[in-house]
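Protein chains in written order, with my numbering: chain E, 1 to 263; chain L, 1001 to 1250; chain W, 2001 to 2249.
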Amino acid sequence: MSAHAALAGVSRVYPGGDGRAPLHALGPIDLALRPGEFFAVVGPSGCGKSTLLEVLAGLAPASEGTVTFEGSPVAGAVPEGVGVVFQEDASFPWANVYDNVAFGLQGSGLDRSEIDARVRSALAFMGLRDFASAYPAQLSGGMRQRVCIARTLVLKPRLILLDEPFGALDAQTRLLMGDEVLRLWRETGATVLLITHALDEAAMLADRVGVMSARPGRFIDVVETGWPRERDSRLAERPDFGALVARLWSSLRVESIKALGHT
Amino acid sequence: MTRVGWLRLGIIGGAIGLLEILCRAGAIKKVTMVPPSDMVLALGQLLAKGELLDDIGRTLSSVAIAGAIAVAGGILLGIGLHALPRFRRAVEPMLASWYAVPFFIFYPLLVGIFGLSDAPIIVVAVLFAIVAMIVNTLNGLDRVTPVLRKVARVHRLNAPDTVRRILLPAIAPHLLTGFKLATAYSFIGVIASEFILSTSGLGFAIAHAYNNFETRKMYALMLLIIVLVTAINTALFMWEQRLLRRRFNR
Amino acid sequence: MNPAIARHLDFLLVGIGLLAIWQGLFLWIGETGISSPLQTIRHLGALAERQMFWTHAWATLDAFLRSLLIAAVGGIVIGLWLGIGKVAGQVAEPILVALYSLPKVTLYPVILLIFGLGLSAKVAFGAIHGIIPVILFTMSAVRTIRPVLIKTAKVMRLSPAKTAWRVLMPAALPEIVTGLRIGFSLTLLGVLIGEMFASQAGLGFMVINAIGLNDTETMMAVTVLMIVLAGIANVLLLALDHRLHRRAG
Chain E
1 MSAHAALAGV SRVYPGGDGR APLHALGPID LALRPGEFFA VVGPSGCGKS TLLEVLAGLA
61 PASEGTVTFE GSPVAGAVPE GVGVVFQEDA SFPWANVYDN VAFGLQGSGL DRSEIDARVR
121 SALAFMGLRD FASAYPAQLS GGMRQRVCIA RTLVLKPRLI LLDEPFGALD AQTRLLMGDE
181 VLRLWRETGA TVLLITHALD EAAMLADRVG VMSARPGRFI DVVETGWPRE RDSRLAERPD
241 FGALVARLWS SLRVESIKAL GHT
Chain L
1001 MTRVGWLRLG IIGGAIGLLE ILCRAGAIKK VTMVPPSDMV LALGQLLAKG ELLDDIGRTL
1061 SSVAIAGAIA VAGGILLGIG LHALPRFRRA VEPMLASWYA VPFFIFYPLL VGIFGLSDAP
1121 IIVVAVLFAI VAMIVNTLNG LDRVTPVLRK VARVHRLNAP DTVRRILLPA IAPHLLTGFK
1181 LATAYSFIGV IASEFILSTS GLGFAIAHAY NNFETRKMYA LMLLIIVLVT AINTALFMWE
1241 QRLLRRRFNR
Chain W
2001 MNPAIARHLD FLLVGIGLLA IWQGLFLWIG ETGISSPLQT IRHLGALAER QMFWTHAWAT
2061 LDAFLRSLLI AAVGGIVIGL WLGIGKVAGQ VAEPILVALY SLPKVTLYPV ILLIFGLGLS
2121 AKVAFGAIHG IIPVILFTMS AVRTIRPVLI KTAKVMRLSP AKTAWRVLMP AALPEIVTGL
2181 RIGFSLTLLG VLIGEMFASQ AGLGFMVINA IGLNDTETMM AVTVLMIVLA GIANVLLLAL
2241 DHRLHRRAG
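Put into structure tokens, the structure is as follows:
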């Protein structure tokens, strides 16, 4: 089975300058995402998790190695079919929820009724139906993040990259948003890569969890969770869930201590 | 209206009333100032006669042209400067010192270049107004969160679309501040130029009335300018409030 | 290359570019409209040897310093008052903002009618230009002072005057300096406009008079002198401004 998206020998070095030394942020890293899988990346802060996502998305260049999506090299631009949801609030404060979600479809050549149908269904899917004419400032942080997910969803991405999308939310909201993401993943059939620093989140959502080392980040462990495709946050009640989190933590603990020393 | 609003209205009304009483009682001489009620009356008469319409039209069209050039040019130059950080660093001290330069001093020079037409007036007003627009555009662009630029790239927008669909809407509050200042400065630039050295326009009409001891007419014209400028400022202010309310939910 | 040197070099290049544009304009328009950079400098030297020039320069400086003193002291005192008194500030702010965007030049005749031709009219006109930004900046600075500082003053039982002088002023100083910088520019603008209209003395008068006499060289020399002096003063104030803001964090 060929990979849906892959990193081969990828590393990223931020060039120095103005008296600063170059910073080796990431890699070298190999990663092959299977079509339709849910892959989570955990790692200590500053290990280059977000850099990994940006390189895979084509938002940042790889200093070495190759990045491919659906067999074509990714370089310099975000390929069609890739959607990204960021940790920061990226909703557009100047537009209402409907126009936020429709953003990527406007000017795409689709006719209005088709755009409307897709926006309505994305709003319904994310539970935003009653908020179509609200402005982001009137919504909570969790609702705004839903707007951003819906904005990605209408474009029918085949690879969805989530960069700590719930990092700014409270713990309960995060669990519920996790269920939403699982539902989204199941129903769209897309491949999902989730960056997170929360071990329980990774353990609950993913088919595979990659554990990264302190900077420069590499994979020190990749764990198959073995969960069924139909699953939700009630997984957290199972005893083998605790064992999984414990295993991830034992891999990560030493690296987290190292990262603490760096900063 | 709020208590503060009523208080403000009361103070303004009280000041006008006091002026009225002082003028009527002769404490302020008639050659110095006419009573406010008489200013209104005089303005009504002037407008009814229609002799001012040319001057008003001339001033307003100069302000509109200068304002439009300053706003459009300021946004474009702001975007350009933002894209060229090194050049920007070099000219930034100039932008910061811009309003230290008494611009009307250029007016005579421009008359020498363009002759005694509307052009030098418009150029002075543009010079005066454009930097407010540039500075506010730059301020706005500096505060655009990096994630919005990433969103533009994820949506695979080209540079013009990124500016049109993301950057300009994102900095709209800053653009509006610039627009407000540019409008006010265009007014100041046009009227001050007319006042000092011109043969037409509202500014000239005031200077002319002053020189010919037509105190009543002079005050009527001042009232007209104050009313015009305040009305435009108020309209812009309300527009801004609406935009901000929507964007920041207050 | 050292970034500091590169920055100065860039700045120098911009200056050279401006001189080139000036020279280009001169070549394009010709002697009747504008004088060249070299001519202007030379003429400025010639002017400096004449007593008349210094009389006018002194008249401008005298009026400017008096206006600035009024604008600065008056502006800070009124600004502190409006900043401390919440209601007074809320009432006054929109009025001040409206006054700020009014073309004040139209009010000059009123000032002339009240003060008569001469120094006091110029000073009054300069001061009303400069005082508004000083008030507005001082007021907003006082409003944004951290409440804990004011509580501290209360705990130490400072009198209102002492609170203003020893706590509010220093805490608000960076913003006040920004206001003073803008007030400085506008005061100069007011004085010069005053001199250009209905005056017999000062550099503004010299410029207007030179136009009447078709004396392009004098007009340009005085114009450039004013711009350079205003620019230098502003750069110095800007440096002070940045330093205070950096210190305040």
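Beta carbons are placed, not taken as given, at the ideal position from N, Cα and C, and that holds for glycine.
Because the structure is a prediction, the values reported are computed rather than measured.
Give the interface partners of residue i over in chain E, defined as CB-CB distance under 7 Å, in chain order.
i, result
"valine 1147/L", "Phe86, Glu88 and Ala90"
"phenylalanine 1087/L", "Per Cβ cutoff of 7 Å: no residues; phenylalanine 1087/L is ~18 Å from chain E at best."
"lysine 1030/L", "Simply none; closest approach about 55 Å."
Relative to the alpha-carbon of residue i, which residue among the options has its alpha-carbon at the smallest distance?
i, options, result
"leucine 1244/L", "Gly107/E, Arg174/E, Met143/E and Ala137/E", "Ala137/E"
"leucine 1052/L", "Thr1234/L, Ala1209/L and Arg1246/L", "Ala1209/L"
"isoleucine 985/L", "Glu37/E, Gln145/E and Ala90/E", "This structure gives no information on residue 985/L, because the portion of chain L shown stretches from 1001 to 1250."
"alanine 1072/L", "Phe1248/L, Ala1220/L, Thr1215/L and Leu1127/L", "Leu1127/L"
"glycine 1140/L", "Pro1120/L, Leu1176/L, Cys1023/L and Asp1118/L", "Leu1176/L"
"threonine 152/E", "Gly65/E, Asp170/E and Glu80/E", "Glu80/E"
"serine 2067/W", "Ala2092/W, Ser2199/W and Ser2185/W", "Ser2185/W"
"glycine 27/E", "Tyr14/E, Pro35/E and Glu37/E", "Tyr14/E"
"glycine 1112/L", "Ala2057/W, Leu2213/W, Arg2243/W and Gly2075/W", "Leu2213/W"
"asparagine 1212/L", "Leu2113/W, Ser2159/W, Asp2215/W and Gly2179/W", "Leu2113/W"
"glutamate 88/E", "Val1091/L, Ala1048/L, Ile1188/L and Lys1150/L", "Lys1150/L"
"tyrosine 1219/L", "Ser1061/L, Ile1069/L and Pro1036/L", "Pro1036/L"
"alanine 2210/W", "Cys1023/L, Thr1032/L, Arg1086/L and Leu1109/L", "Leu1109/L"
"leucine 1947/W", "Ala2124/W, Gln2200/W, Trp2028/W and Pro2037/W", "One cannot answer for residue 1947/W here, as it falls past the ends of chain W, which runs 2001 to 2249."
"phenylalanine 2026/W", "Leu2018/W, Ser2036/W, Ile2005/W and Ala2057/W", "Ser2036/W"
"arginine 174/E", "Gly71/E, Val119/E and Leu199/E", "Leu199/E"
"glutamate 1240/L", "Ile1225/L, Val1227/L, Gly1178/L and Arg1216/L", "Gly1178/L"
"isoleucine 257/E", "Arg112/E, Asp30/E, Gly46/E and His4/E", "Gly46/E"
"arginine 1246/L", "Gly71/E, Pro93/E and Phe86/E", "Pro93/E"
Who are the neighbours of residue i on chain L, taking C-beta pairs under 7 Å?
i, result
"alanine 2098/W", "Thr1230 and Asn1233"
"leucine 184/E", "By Cβ distance, chain L contributes nothing, its closest Cβ being about 17 Å from leucine 184/E, past 7 Å."
"threonine 78/E", "The question names threonine, but residue 78/E is valine in the sequence shown. Neighbours of valine 78/E on chain L, chain order: Arg1153, Val1154 and Arg1156."
"arginine 2143/W", "None at all; the shortest Cβ gap to chain L is about 14 Å."
"arginine 2007/W", "Arg1089"
Residues of chain L with CB under 8 Å from residue i, in chain order?
i, result
"tyrosine 14/E", "Those do not exist, as tyrosine 14/E stays about 15 Å from chain L at its closest Cβ, beyond 8 Å."
"phenylalanine 2137/W", "The contacting residues do not exist; phenylalanine 2137/W stays about 14 Å from chain L at best."
"threonine 2216/W", "Gly1112"
What are the partner residues of residue i, as DSSP defines its beta bridges?
i, result
"glutamate 64/E", "Ser11/E"
"histidine 24/E", "Val13/E"
"arginine 112/E", "DSSP output for arginine 112/E lists no bridge partner at all."
"proline 73/E", "Thr68/E"
"glutamate 224/E", "Arg208/E"
"glycine 83/E", "Ile160/E"
"glycine 264/E", "Chain E is shown only over 1 to 263; residue 264/E falls outside these bounds and no answer can be derived."
"leucine 31/E", "Leu7/E"
"phenylalanine 38/E", "Val192/E"
Which residues of chain W have a Cβ atom closer than 8 Å to the Cβ of residue i, listed in chain order?
i, result
"serine 1097/L", "Ala2230, Gly2231, Asn2234, Val2235 and Leu2238"
"proline 1093/L", "Phe2011, Val2235 and Leu2238"
"leucine 1109/L", "Gly2033, Ile2034, Met2219, Met2220 and Thr2223"
Mind pulling the chain E residues with CB within less than 9 Å of residue i?
i, result
"arginine 1143/L", "Result: empty, since nearest Cβ-Cβ is about 12 Å, beyond 9 Å."
"arginine 1024/L", "Those do not exist, as arginine 1024/L stays about 52 Å from chain E at its closest Cβ, beyond 9 Å."
Give the residues of chain L in contact with residue i, contact being defined as C-beta atoms less than 9 Å apart.
i, result
"isoleucine 2095/W", "Arg1008, Ile1011 and Ile1012"
"leucine 2013/W", "Ala1090"
"glycine 83/E", "Val1154"
"serine 2159/W", "Near serine 2159/W there are no residues of chain L at all, since even the closest Cβ is about 28 Å away, more than 9 Å."
Chain W partners of residue i, CB-CB under 9 Å?
i, result
"threonine 1059/L", "Here the premise fails: no neighbours, minimum Cβ distance about 10 Å."
"leucine 1019/L", "Neighbours of leucine 1019/L on chain W: none; closest Cβ ~11 Å, over 9 Å."
Just the chain E side, please: which residues come within less than 8 Å of residue i by C-beta, in chain order?
i, result
"arginine 1247/L", "Pro93, Trp94, Tyr135 and Ala137"
In the stretch 1161 to 1188 of chain L, which residues sit with their C-beta less than 7 Å from some C-beta in chain W, listed in chain order?
-> Of all residues in the stretch 1161 to 1188 of chain L, Ala1184, Phe1187 and Ile1188 have a Cβ within less than 7 Å of some Cβ in chain W.
Contained alpha helix (DSSP H) runs [length at least 4] in the stretch 1137 to 1181 of chain L, N- to C-terminal order | Inside the stretch 1137 to 1181 of chain L, DSSP marks whole alpha helix (DSSP H) runs of 4 or more residues at positions 1146 to 1154, from first to last along the chain.
Taking any Cβ of chain L, which residues in the stretch 91 to 110 of chain E have a Cβ under 9 Å from it, in chain order?
-> Flagged, chain order: Phe92, Pro93, Trp94, Ala95, Asn96, Phe103, Gly104, Gln106 and Gly107.
Quick one: complete alpha helix (DSSP H) runs, 4+ long, within the stretch 118 to 178 of chain E?
-> Within the stretch 118 to 178 of chain E, complete alpha helix (DSSP H) segments of at least 4 residues are found at 141 to 153, given in chain order.
Can you list, in chain order, the residues of the stretch 1201 to 1224 of chain L whose Cβ is nearer than 9 Å to any Cβ on chain W?
-> Leu1202, Gly1203, Ile1206, Ala1207, Ala1209, Tyr1210, Asn1211, Thr1215, Met1218, Tyr1219, Leu1221 and Met1222
The stretch 40 to 63 of chain E: positions lying closer than 9 Å to chain L by Cβ = Glu54, Ala57, Gly58 and Leu59
Chain L contacts made by the stretch 2037 to 2062 of chain W, where a contact means CB separation under 8 Å | Of all residues in the stretch 2037 to 2062 of chain W, none has a C-beta nearer than 8 Å to a C-beta of chain L.
Every unbroken beta strand (DSSP E) within the stretch 2040 to 2114 of chain W, with a cutoff of 3 residues, ordered by chain = none
Residues from the stretch 119 to 144 of chain E in contact with chain L, defined by Cβ distance under 8 Å | Tyr135, Ala137 and Gln138
Just by C-beta distance, which residues in the stretch 2101 to 2133 of chain W are closer than 9 Å to chain L?
-> Ser2101, Leu2102, Pro2103, Lys2104, Val2105, Thr2106, Leu2107, Tyr2108, Pro2109, Val2110, Leu2112, Leu2113 and Ile2114
Just list the beta strand (DSSP E) runs in the stretch 1192 to 1234 of chain L, keeping only unbroken ones of 3 residues or longer that don't cross its boundaries, in chain order.
-> Scanning the stretch 1192 to 1234 of chain L for uninterrupted beta strand (DSSP E) segments of 3 residues or longer gives nothing; none is fully contained.
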